[in-house]
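Participant:
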Amino acid sequence: MLDGKTILLTGGTGTFGQFFTQYILLRYNPSKIIIYSRDEYKQFHMARRFRAEFPEHFAKLRFFIGDVRDKVRLSRALEGGVDYVIHAAAMKQVPACEYNPFEAVKNNIHGAQNVIEAALDCGIEKVVALSTDKAVNPVNLYGATKMVSDRLFIAANSYVGSVRATRFAVVRYGNVFGSRGSVLPLFRKLLSEGKKCLPITDTRMTRFWISTEEAVELVLLALEQTDGGETYIAKIPSIKMTDLAEAMSPKSEGGSIELVGIREGEKLHEVMITEDDAPYAYECDRHYVIYPAHNWWSAPRTIQGVKVAEGFCYSSGENDRWLGVPQIRDRLQAITDKTIVEND
Numbered sequence: 193m194l195d196g197k198t199i200l201l202t203g204g205t206g207t208f209g210q211f212f213t214q215y216i217l218l219r220y221n222p223s224k225i226i227i228y229s230r231d232e233y234k235q236f237h238m239a240r241r242f243r244a245e246f247p248e249h250f251a252k253l254r255f256f257i258g259d260v261r262d263k264v265r266l267s268r269a270l271e272g273g274v275d276y277v278i279h280a281a282a283m284k285q286v287p288a289c290e291y292n293p294f295e296a297v298k299n300n301i302h303g304a305q306n307v308i309e310a311a312l313d314c315g316i317e318k319v320v321a322l323s324t325d326k327a328v329n330p331v332n333l334y335g336a337t338k339m340v341s342d343r344l345f346i347a348a349n350s351y352v353g354s355v356r357a358t359r360f361a362v363v364r365y366g367n368v369f370g371s372r373g374s375v376l377p378l379f380r381k382l383l384s385e386g387k388k389c390l391p392i393t394d395t396r397m398t399r400f401w402i403s404t405e406e407a408v409e410l411v412l413l414a415l416e417q418t419d420g421g422e423t424y425i426a427k428i429p430s431i432k433m434t435d436l437a438e439a440m441s442p443k444s445e446g447g448s449i450e451l452v453g454i455r456e457g458e459k460l461h462e463v464m465i466t467e468d469d470a471p472y473a474y475e476c477d478r479h480y481v482i483y484p485a486h487n488w489w490s491a492p493r494t495i496q497g498v499k500v501a502e503g504f505c506y507s508s509g510e511n512d513r514w515l516g517v518p519q520i521r522d523r524l525q526a527i528t529d530k531t532i533v534e535n536d
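Take any residue in the sequence shown, count from 1 to its spot, add 192: that is its number in the working numbering.
#1: Measuring CB to CB, does Ser223 end up less than 8 Å from Gly196?
#2: May I ask you to list the residues that DSSP assigns as paired with Ser341?
#3: Assuming Val328 and Leu266 form a contact by the criterion Cβ under 8 Å, report the distance between their Cβ atoms to the nearest whole angstrom.
#4: Decide if Asp536 is buried, meaning its Cβ has at least 16 other Cβ atoms within 10 Å, or exposed.
#5: Is it right to say Pro442 is buried, meaning 16 or more other beta carbons lie within 10 angstroms of its own, or is it exposed?
#6: So what's Glu534 in DSSP terms, helix, strand or just coil?
#7: Measuring straight from C-alpha to C-alpha, what distance separates Gly386 and Arg380?
#8: Start and end of the alpha helix (DSSP H) containing Val274?
#9: From the DSSP secondary-structure annotation, give me the bridge partner or partners of Thr324.
#10: Among all the DSSP beta bridges, which residues are the ones paired with Ala251?
#11: Assign Ser448 to one of three DSSP states: helix, strand, or coil.
#12: If we count Cβ pairs, one from each stretch, closer than 8 Å, do we get three or more for the segment 514-528 versus the segment 432-452?
#13: Are Ile425 and Gly366 touching if we call contact CB-CB under 8 Å?
#14: With a threshold of 8 Å, are at least 3 pairs of Cβ atoms found where one atom belongs to the segment 413-424 and the other to the segment 474-482?
#15: Evaluate Val452 with the Cβ neighbour count: other Cβ atoms within 10 Å of its Cβ, from every protein chain shown; 16 or more gives buried, anything less gives exposed.
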């Protein structure tokens, strides 16, 4: 699917972007991967790492300084035969978005619109945008901006018309365990400093567990299957945050937890599909698909999976798959400090 293709990745120096780039280079034969991001320092370190670790593939990489807020620069990066766009750039830190709301809107909403318009103008074949559980019934500004972004990408299919062939889809998942946005680096830092007591906001809190590889595979699934307008959600297990703390700092070794209280804009459970989404949601073997409630475009619709039951809700607190402490420890062993890189 990706052999001979040119892919542009916004926010490409982040955790997802670096793993995606490595995954594609080692498993496919793309013509080129363009890393589009605004931080030259992160691009320098990513380039140095890939030149050292994957010298035989490095010639396929291009590092393009640019901001998704700048449509002219984005359009310039898309010229010259880009086939696919993976949109991963976003302001993701909840407190930063709350304190800098106008910047979050410019980046996450206006930036999404720029990606859409530039992709349409340049005749990109497919665009997949990364979303978050926080876009579902949002309780913070980050989630609200990503909800708008999702709607923009879905509705963008109606602007394709009869001339263009661009298709837009969304993938939705929570924090990738091992990324800077997850709690794992914090816990590891505290333990490396000799602390045994780990902070937990609420003993009831649960989260979905998705690995970086699973996140990349969900994006590739969307690229392969989309007709335009779908939201793809991985079927993944849940964990209790108290079990994560136990797995990393066992009680038998003097480990304990400290309740610090739920933070503003934080939820007890991650929700990927709401009851309101259920009429448009279908279950497949390894994922769910939500089809748009409004279909203004005339593209053929390939229905995947079996329609979920009325009132269905996909929440980390009501999941039918759970990881216990032993399973969490097994998965933690696969996440090394080397895989934890800065988000863009």
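Note that CB positions come from ideal geometry on N, CA and C, so glycine has one too.
Fair warning: this is a prediction, and the values are worked out from it, not measured in the lab.
Facilitator: Checking against the coordinates, here is how it stands:
#1: As a first step, residue 223 is located in the sequence shown; it is residue number 31 there, counting from the start. As a first step, residue 196 is located in the sequence shown; it is residue number 4 there, counting from the start. Contact check for Ser223 against Gly196 passes: the beta carbons are separated by less than 8 Å.
#2: Walking along the sequence shown from the start, residue 341 turns up at place 149. As DSSP reads the structure, Ser341 sits in no beta bridge.
#3: By 1-based counting over the sequence shown, the position of residue 328 is 136. By 1-based counting over the sequence shown, the position of residue 266 is 74. Their Cβ separation, rounded to whole angstroms, is 27 Å, which puts Val328 and Leu266 out of contact at 8 Å.
#4: Here residue 536 corresponds to residue number 344 of the sequence shown, with the count starting at 1. Note that Asp536 has pLDDT 37, beneath the 50 cutoff, so the model's placement of it is unreliable and the number below is only indicative. Classification for Asp536: buried.
#5: Taking the first residue of the sequence shown as 1, we reach residue 442 at position 250. It is exposed - the Cβ of Pro442 has fewer than 16 other Cβ atoms within 10 Å.
#6: Position 342 of the sequence shown holds residue 534. Caution applies to Glu534, whose pLDDT of 40 falls short of 50 and renders its modelled position unreliable; the value that the coordinates give is listed next. Three-state DSSP puts Glu534 in coil, outside helix and strand.
#7: One-based indexing of the sequence shown puts residue 386 at position 194. One-based indexing of the sequence shown puts residue 380 at position 188. Each residue's alpha carbon lies about 10 Å from the other.
#8: Within the sequence shown, the letter at position 82 stands for residue 274. No alpha helix (DSSP H) contains Val274, which DSSP labels as neither H nor E.
#9: Here residue 324 refers to the residue found at position 132 of the sequence shown. Tyr365.
#10: Here residue 251 refers to the residue found at position 59 of the sequence shown. Partner(s): none; Ala251 has no beta bridge.
#11: Looking up residue 448 in the sequence shown gives position 256. Ser448 sits in a strand when the DSSP states are folded into three classes.
#12: Flag = yes, the segment 514-528 and the segment 432-452 touch.
#13: In the sequence shown, residue 425 corresponds to position 233, counting from 1. In the sequence shown, residue 366 corresponds to position 174, counting from 1. In this structure, Ile425 keeps its C-beta atom at 8 Å or more from the C-beta atom of Gly366.
#14: With the cut-off at 8 Å, the segment 413-424 and the segment 474-482 touch.
#15: Taking the sequence shown and counting its residues from 1, one reaches residue 452 at position 260. Exposed, by the Cβ-count rule.
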